[in-house]
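Comments concern the structure below.
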Amino acid sequence: MTTRETKGAAETVDGGGVQTVTVVDNRTGRTYELPITDGTIRAMDLRQIRVDDDDFGLMTYDPAFMNTASCRSGVTYLDGDRGVLRYRGYPIEQLAEHSSFLEVAYLLVHGDLPTRIELETWVEEITHHTYAHESIRRMIAEFPPDAHPMGILQAAVAGLGTVYPDAKDIDDEEGRHLQSVRLIAKMPTLGAYGYRHMRGLPVVEPRNRLSYSANFLAMMFAVGDPGFQPDPRIERALDVLFILHADHEQNCSTSAVRSVGSSQADPYASVSAGIGALYGPLHGGANEAVLRMLDRIGNVDRIPEFIAAVKERRELLMGFGHRVYKNYDPRARIIKTACDDVFAVTGVNPKLAIAQELERIALEDEFFVSRQLYPNVDFYSGLIYEALGIPPEMFTVLFAIGRTPGWVAQWREMLADPEQKISRPRQVYVGAGERDYKPVGAR
Ligand SMILES: CC(C)(COP(=O)(O)OP(=O)(O)OC[C@H]1O[C@@H](n2cnc3c(N)ncnc32)[C@H](O)[C@@H]1OP(=O)(O)O)[C@@H](O)C(=O)NCCC(=O)NCCS
172 MTTRETKGAA
182 ETVDGGGVQT
192 VTVVDNRTGR
202 TYELPITDGT
212 IRAMDLRQIR
222 VDDDDFGLMT
232 YDPAFMNTAS
242 CRSGVTYLDG
252 DRGVLRYRGY
262 PIEQLAEHSS
272 FLEVAYLLVH
282 GDLPTRIELE
292 TWVEEITHHT
302 YAHESIRRMI
312 AEFPPDAHPM
322 GILQAAVAGL
332 GTVYPDAKDI
342 DDEEGRHLQS
352 VRLIAKMPTL
362 GAYGYRHMRG
372 LPVVEPRNRL
382 SYSANFLAMM
392 FAVGDPGFQP
402 DPRIERALDV
412 LFILHADHEQ
422 NCSTSAVRSV
432 GSSQADPYAS
442 VSAGIGALYG
452 PLHGGANEAV
462 LRMLDRIGNV
472 DRIPEFIAAV
482 KERRELLMGF
492 GHRVYKNYDP
502 RARIIKTACD
512 DVFAVTGVNP
522 KLAIAQELER
532 IALEDEFFVS
542 RQLYPNVDFY
552 SGLIYEALGI
562 PPEMFTVLFA
572 IGRTPGWVAQ
582 WREMLADPEQ
592 KISRPRQVYV
602 GAGERDYKPV
612 GAR
């Protein structure tokens, strides 16, 4: 193995076998050889780089985790430059075409596609845990009528932890399985309860003869109709949307789930934290923001004015851009196809023309091209939801329902990983030095 000294910078040297990087500390002239594993160096290996014995050691500074891997994960593979997304190795395009949401949920949680028997058992289990405890239903009823359904969902999921105190036993494999099933099963019920509350309608209890997606539509829309059965094309489109949202590796909400879960909180507290993160307009709230943006633009003629405002930084083109995709989001491509299927049933959403023209301009415009800003999953999903009669406040709830298997899978993987400990970033302190307290009259 060879090492070369560089001008203080780090350089990778392939020495036949173990790869390393040599770092020269120009403060001391000392060199350090750090192993490279899976394209990463261990941040803790930098701690040995010290000026003297009193020095704490070198740390990395990485606000917003732009270049820091926080875990080793086998759940989702994402190549943002090439626009590739795979769950447990399976391309998202194949899963969206051939699989069902519950099968994908099994795949994410258990690591492999189920056999027929395993799938039947899994679907049966999920279906028989769809009911929510009465106390949670009553809690939802107490929210103000204009409460945002994401706030309700976050509270309701955290509340499930009070109903299932056994969930605190996170070391029990059977218990972990039961809580995983409960979370995936109850999420549509809680989401739909929030919607019915918003509309001032009585709740519709789960209809377990229906599929996961059809049951959700029934709990949202059935009014005194025990035979409610959605159009199969709508049912399938919703199932596909859930599949597309099911996991996306270490995004903001998943990191929140892992971070809270690392304190050994129960999975309801952890997933509730994920829902809080998803609520924000830069994350799951973006689909709602896209619809509001299209409403504000109003018609195709006003697009140039809007694009000018984006370039002057007075607006964001919501549904565009992504921290990791610097190419077309593969999910956005699939959603565009799902749009056609849904609009064949519901009629075309008039905002589609505005969205398509925005996309056409943005994909040609230097401002967006040079920044590699492409449509993301949220750009078209809101149009479908709106065509289904789902109000914008509910869009992120649908995202949360879809994302739950991913959160569950990542939480379980975190617990099983012997390298994980309680999550606790470092800081660079930039506040005041030590100073003496002065009584209020002396300030
Ligand atoms: C998703 C998002 C938060 C990623 O942010 P990020 O990785 O921190 O990227 P940055 O904010 O550094 O963006 C890089 C550049 O593109 C610009 N940019 C990013 N997204 C933009 C958007 N949607 N509209 C206009 N400009 C955008 C930034 O202003 C920045 O320009 P600059 O380098 O000249 O300052 C960001 O693209 C965004 O806010 N998109 C809109 C919200 C959205 O659709 N979120 C859903 C994500 S699935």
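Numbering-wise, the sequence shown is residues 172 to 614 according to our numbering. Backbone N, C-alpha and C fix where the C-beta goes; we use that ideal spot for every residue, glycine too. Only a predicted model underlies this, so the values are computations on that prediction, with no experimental measurement involved.
Considering only the alpha carbon of each residue, which of the options lies closest to residue i?
| i | options | result |
| --- | --- | --- |
| G469 | G445, K522, R494 | K522 |
| E535 | R347, I212, I478 | I478 |
| T575 | G200, I355, Q265 | I355 |
| R221 | V194, P206, M237 | V194 |
| L462 | Q219, T567, R606, P397 | T567 |
| P206 | E289, V513, T191 | T191 |
| Q543 | V516, E204, H493, L569 | H493 |
| D500 | R473, V374, D549 | D549 |
| H454 | P336, Q421, V513, I474 | Q421 |
| F399 | D410, V411, N386 | N386 |
| P397 | R473, R353, P377 | P377 |
| G200 | D209, R595, D223 | D223 |
| S430 | A235, M585, S270, G210 | M585 |
| G210 | N238, D196, G228, R198 | N238 |
| A276 | C242, W578, I307 | W578 |
| P589 | L284, G254, L488, S244 | S244 |
| E530 | D410, F514, G490 | G490 |
| E204 | N379, N197, I212 | I212 |
Assuming residue i and residue j form a contact by the criterion Cβ under 8 Å, report the distance between their Cβ atoms to the nearest whole angstrom.
| i | j | result |
| --- | --- | --- |
| A509 | A408 | 5 Å |
| N547 | A503 | 6 Å |
| E608 | Y545 | Rather than Glu, the amino acid found at residue 608 in this sequence is Tyr. Between Y545 and Y608 the Cβ distance is about 54 Å, and since that is not below 8 Å, they are no contact. |
| A417 | G573 | 6 Å |
| L256 | I263 | 4 Å |
| V374 | Y364 | 5 Å |
| F538 | K592 | With a Cβ gap of about 43 Å, F538 and K592 do not count as contacting. |
| Y232 | V599 | 6 Å |
| R353 | Y335 | 7 Å |
| I474 | M321 | Not a contact, Cβ separation roughly 29 Å. |
| S351 | R583 | 7 Å |
Under a three-way DSSP split, which group does residue i fall into?
| i | result |
| --- | --- |
| D250 | strand |
| T567 | helix |
| T298 | helix |
| T177 | Residue placement at T177 cannot be trusted, given a pLDDT of 34 that sits under 50; the coordinates are not used to answer. |
| G395 | coil |
| T239 | coil |
| V483 | In the sequence as presented, Val is not what sits at residue 483; that position holds Glu. The answer is coil: DSSP assigns E483 none of H, G, I, E or B. |
| H419 | coil |
| L559 | coil |
| V375 | coil |
| L354 | helix |
| V142 | Look at the range of the chain in this structure, 172 to 614, and you will see that residue 142 is not part of it. |
| P501 | helix |
| G602 | coil |
| P316 | coil |
| N470 | coil |
| D185 | In this prediction, D185 has a pLDDT of 48, which is less than 50 and means its spatial position is unreliable; what the coordinates show is noted afterwards. DSSP places D185 in strand when its eight states are reduced to three. |
| T575 | helix |
| A427 | helix |
| L449 | helix |
| K339 | helix |
| I593 | coil |
| Q400 | coil |
| Y496 | coil |
| P610 | coil |
| I220 | coil |
Residues bridged to residue i by DSSP?
| i | result |
| --- | --- |
| R257 | Y248, P262 |
| P546 | F491 |
| V194 | Y203 |
| T208 | T211 |
With a threshold of 7 Å, establish whether the CB of residue i neighbours any heavy atom of ligand 2.
| i | result |
| --- | --- |
| M369 | Only ligand 1 can be found as ligands here, which leaves ligand 2 out of the picture. |
Test item, CB below 6 Å from any non-hydrogen atom of ligand 1: L453, A457, V481, L487, L488, M489, G490, F491, G492, H493, R494, R542, L544, N547, V548, D549
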